[in-house]
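Notes to accompany the following structure.
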Amino acid sequence: MNSTSAKRGFSFNEILMTTAIGGIVMAVGIPAYQDYVDYTRLMKTVNAFIHTLHQASTLAKAGDEPTTVCSNSSESCGNLDDWRTGALVFMSAYPDQATPGQAVIHNHLINEANITVTANVPAISYHRNGAVTFSGQVRRPEWTFRNTSGSAQAQLVAVTAQGVVISERAPFQ
225 MNSTSAKRGF
235 SFNEILMTTA
245 IGGIVMAVGI
255 PAYQDYVDYT
265 RLMKTVNAFI
275 HTLHQASTLA
285 KAGDEPTTVC
295 SNSSESCGNL
305 DDWRTGALVF
315 MSAYPDQATP
325 GQAVIHNHLI
335 NEANITVTAN
345 VPAISYHRNG
355 AVTFSGQVRR
365 PEWTFRNTSG
375 SAQAQLVAVT
385 AQGVVISERA
395 PFQ
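For the sequence shown, the numbering used here gives the first residue as 225, with consecutive numbering after it.
See the structure below:
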């Protein structure tokens with residue numbers, strides 16, 4: 225009887241080569257995936273803030289009083305440094321001041337870890353006629369959202385004098 229047995233399984237060299245290729249793919253893939261997750265988290269926060277600005281604009285056009293978006297500081301308007309805690313949306317005949325006694329329409333919290341927000345204005349007001357007003361001596365209100373979790377990513381949100389919201393990548397500083 226002349227019988228030949230079939231070779232079964234993998235050789236040591238085949239297993240070693242497959243493991244090495246898998247390691248190389250993982251070494252390249254995991255950092256790229258982490259950057260993707262960080263960018264998605266940043267854009268989720270930016271888009272929620274843009275939605276807040278659009279909501280304020282829509283409410284102002286439908287109402288009789290200006291709608292203001294300001295930095296959140298314990299249910300009242302804060303200063304430039306307080307944008308990291310979120311934004312308040314409220315309607316008032318006096319858009320320069322928000323107090324806890326006023327009806328806050330929306331409290332947009334920025335609760336994403338590793339995302340910081342800086343701005344060049346403490347508040348922006350939308351009016352029924354479509355006009356936009358803001359305090360400070362700046363050309364246009366701008367907010368910069370930065371991801372500080374290792375991947376250098378930043379997004380700039382700006383509002384033009386006509387109330388148009390612009391979002392673009394910003395240089396990470």
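Don't be surprised by glycine CBs; every beta carbon is placed ideally from N, CA and C.
Whole angstroms is fine: what's the gap from residue i's alpha carbon to residue j's?
i: residue 249; j: residue 373; result: 23 Å
i: residue 284; j: residue 293; result: 11 Å
i: residue 395; j: residue 378; result: 6 Å
i: residue 243; j: residue 257; result: 20 Å
i: residue 241; j: residue 347; result: 60 Å
i: residue 343; j: residue 383; result: 12 Å
i: residue 268; j: residue 274; result: 10 Å
i: residue 389; j: residue 365; result: 10 Å
i: residue 247; j: residue 336; result: 31 Å
Sort the options by Cα distance to residue i and report the nearest one.
i: residue 282; options: 358, 354, 361, 272; result: 354
i: residue 349; options: 379, 279, 394; result: 279
i: residue 271; options: 332, 247, 255; result: 332
i: residue 370; options: 386, 382, 345, 308; result: 308
i: residue 338; options: 362, 301, 261, 295; result: 261
i: residue 310; options: 264, 341, 265; result: 341
i: residue 334; options: 265, 356, 393, 361; result: 265
For residue i, which of helix, strand or coil comes out of DSSP?
i: residue 379; result: strand
i: residue 234; result: coil
i: residue 270; result: helix
i: residue 348; result: strand
i: residue 291; result: strand
i: residue 389; result: strand
i: residue 362; result: coil
i: residue 340; result: strand
i: residue 280; result: helix
i: residue 309; result: helix
i: residue 199; result: This structure gives no information on residue 199, because the portion of the chain shown stretches from 225 to 397.
i: residue 254; result: helix
Got a sec, what are the start and stop residues for the beta strand (DSSP E) residue i sits in?
i: residue 370; result: 366-371
Using a threshold of 8 Å, state whether the C-beta atoms of residue i and residue j are closer than that.
i: residue 475; j: residue 276; result: Since the first residue shown for the chain is 225 and the last is 397, residue 475 is missing from the structure and cannot be characterised.
i: residue 259; j: residue 391; result: no
Report yes if the C-beta of residue i is less than 7 Å from at least one heavy atom of the ligand GTP; otherwise report no.
i: residue 242; result: As for the ligand GTP, it is missing from this structure, which has no ligand bound.
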